[in-house]
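Numbering (the numbering used here), first residue to last: 10 to 473. Only one structure is covered here, and it is reproduced in the block below.
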DNA sequence: GCATGATCATGC
DNA sequence: GCATGATCATGC
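Structure representation (structure tokens):
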């Protein structure tokens with residue numbers, strides 16, 4: 010009989026046992042792991058830890074890994090950045106089953122059944138280090154997603170309560186609404202149209218790196234097959250879990266059980282709507298230091314959201330990207346909307362799903378719009394949250410694929426404004442000498458993807 | 001007026 | 001030093 014290392018039925022025992030991993034790697038704790046598995050350089054660390062460290066095989070896919078304890082075990086990578094650890098990626102919770110989710114409720118959902126209580130082990134991701142040698146860092150996070158009965162609370166030991174991180178009522182409500190939105194989209198036969206930008210904290214995220222060979226699944230209310238997706242906590246949300254309450258430099262928007270993101274945002278902007286940039290500048294006592302400064306409207310918007318332009322917790326957790334636009338009297342912006350520059354050699358080696366532009370068009374944006382009045386004075390309009398509709402994402406993908414193809418052929422000839430109603434490619438450089446190497450071996454001015462000015466104008470017209 | 005090419009100021 | 005978001009400049 011092997012000695013009992015921990016009690017599989019006790020959360021506190023599993024938690025305590027997991028803590029011995031901190032500062033160590035799986036190979037440190039289980040030296041034989043290298044001979045017992047050929048997964049030295051690949052494979053899922055979570056599975057390996059479960060099998061070789063906990064010596065446990067999970068019962069099935071619907072229940073938590075430690076069923077008697079009601080505890081799901083997760084391992085996730087973090088990377089060191091500016092002296093602190095950040096999530097390497099989103100935290101996958103469980104696969105979305107399109108066939109069954111349509112009949113579920115949040116409270117009785119597969120997601121909550123499996124992931125209500127999670128033990129999250131963080132390891133430092135370093136590409137060159139084999140998975141079994143990656144070190145566990147920081148304390149494990151014991152995270153509870155849903156509310157629980159008072160009886161359950163009483164039954165829990167004080168020691169456990171102290172170590173448990175229960176999600177706030179406000180966040181829980183947002184997670185629930187996110188889950189319901191995803192279910193509704195599947196109910197509507199639109200599983201194939203799902204996007205990370207549809208939701209705030211809980212995302213329907215893709216599996217795999219994409220490409221043409223990707224397997225697609227059936228969905229209940231449509232004949233269109235959909236990419237396989239998993240519920241996950243956004244990377245930015247996981248960052249906040251890792252950070253804990255240590256960050257005092259951010260403020261809250263006041264989103265809660267009754268006040269939605271939209272409501273909370275409108276409340277901040279309401280007093281400034283219809284006002285000119287100069288008027289807002291006066292009121293906020295914040296002024297342009299240089300006449301050519303292109304980020305001033307953005308600065309104003311940030312100061313409307315939070316005094317001093319502090320970061321806003323909810324917007325960070327939800328990975329919201331703010332954009333400012335000035336409309337001409339015609340209702341269209343004079344300029345298209347730019348995104349970060351790409352490298353020619355990088356784009357030719359990528360799939361669409363791996364690209365930065367794909368990530369951008371799946372995001373949720375907060376659009377801050379000023380429109381020029383009859384005297385050509387830009388005035389603030391009602392802001393709105395927006396993420397790109399499915400059809401337009403398909404078009405953005407087509408432009409990206411066309412770009413990839415043309416970079417290989419002749420990087421000087423890339424998709425122009427007139428070739429698509431959604432997106433095009435144009436220069437994006439500091440100056441004439443800011444160049445990148447092309448597959449043809451030339452140095453060519455850096456470029457990026459842009460959303461067409463006409464397209465942005467239409468989006469704004471539809472949303473204001 | 002518009003498409004396309006070019007570059008500015010800032011913050012990290 | 002450089003990426004970023006944004007706008008300017010030119011020529012048809």
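Backbone N, C-alpha and C fix where the C-beta goes; we use that ideal spot for every residue, glycine too.
Beta-carbon proximity list for residue i, same chain, < 6 Å, skipping 5 on both sides
{"i": "residue 104", "result": "239"}
{"i": "residue 231", "result": "198"}
{"i": "residue 100", "result": "85, 241, 242, 247"}
{"i": "residue 142", "result": "34, 36"}
Other residues of its chain near residue i: CB distance less than 7 Å, five sequence neighbours each side excluded
{"i": "residue 61", "result": "35, 39, 42, 45"}
{"i": "residue 202", "result": "194, 399"}
{"i": "residue 539", "result": "Only positions 10 to 473 of the chain appear in this structure, which leaves residue 539 out of reach."}
{"i": "residue 108", "result": "229"}
Coil, strand or helix - residue i by DSSP
{"i": "residue 8", "result": "Limits of the chain in this structure are 10 at one end and 473 at the other, which puts residue 8 out of reach."}
{"i": "residue 430", "result": "coil"}
{"i": "residue 376", "result": "strand"}
{"i": "residue 100", "result": "strand"}
{"i": "residue 307", "result": "helix"}
{"i": "residue 320", "result": "strand"}
{"i": "residue 115", "result": "coil"}
{"i": "residue 62", "result": "helix"}
{"i": "residue 31", "result": "strand"}
{"i": "residue 233", "result": "strand"}
{"i": "residue 394", "result": "strand"}
{"i": "residue 329", "result": "strand"}
{"i": "residue 123", "result": "helix"}
{"i": "residue 403", "result": "helix"}
{"i": "residue 249", "result": "helix"}
{"i": "residue 9", "result": "One cannot answer for residue 9 here, as it falls past the ends of the chain, which runs 10 to 473."}
{"i": "residue 77", "result": "coil"}
Strand pairing of residue i, partner residues [DSSP]
{"i": "residue 238", "result": "215"}
{"i": "residue 350", "result": "457"}
{"i": "residue 436", "result": "456"}
{"i": "residue 280", "result": "None; residue 280 has no bridge partner."}
{"i": "residue 86", "result": "132"}
{"i": "residue 259", "result": "320"}
{"i": "residue 387", "result": "381"}
{"i": "residue 226", "result": "235"}
{"i": "residue 175", "result": "153"}
{"i": "residue 144", "result": "34"}
{"i": "residue 366", "result": "Answer is none; residue 366 lacks a bridge partner."}
{"i": "residue 446", "result": "452"}
Per-residue burial, residue i [other beta carbons within 10 Å of its own, 16 or more giving buried]
{"i": "residue 302", "result": "exposed"}
{"i": "residue 351", "result": "buried"}
{"i": "residue 227", "result": "exposed"}
{"i": "residue 235", "result": "buried"}
{"i": "residue 267", "result": "exposed"}
{"i": "residue 248", "result": "buried"}
{"i": "residue 413", "result": "buried"}
{"i": "residue 140", "result": "buried"}
{"i": "residue 78", "result": "buried"}
{"i": "residue 296", "result": "exposed"}
Sequence-distant residues of the same chain with beta carbon closer than 8 Å to residue i, five excluded per side
{"i": "residue 110", "result": "118, 119, 191, 192, 195"}
{"i": "residue 146", "result": "31, 32, 87, 94, 131, 132, 133"}
{"i": "residue 448", "result": "353, 354, 357, 416, 417, 420"}
Query raised in the report: Does the pairing of the stretch 377 to 397 with the stretch 352 to 368 give three or more beta-carbon distances under 8 Å?
Result: no
Query - Touching by the beta-carbon criterion (3+ pairs, under 8 Å), the stretch 196 to 215 and the stretch 370 to 381 - result: yes
Requested in this report: Determine, using beta-carbon pairs with one atom in the stretch 267 to 282 and one in the stretch 398 to 416, whether at least three such pairs fall under 8 Å.
Outcome: no
**Report entry** Three CB pairs or more closer than 8 Å across the stretch 442 to 456 and the stretch 328 to 344
**Finding:** no
Query raised in the report: Counting Cβ pairs, one atom from each stretch, are 3 or more of them under 8 Å apart for the stretch 431 to 441 and the stretch 315 to 322?
Result: no
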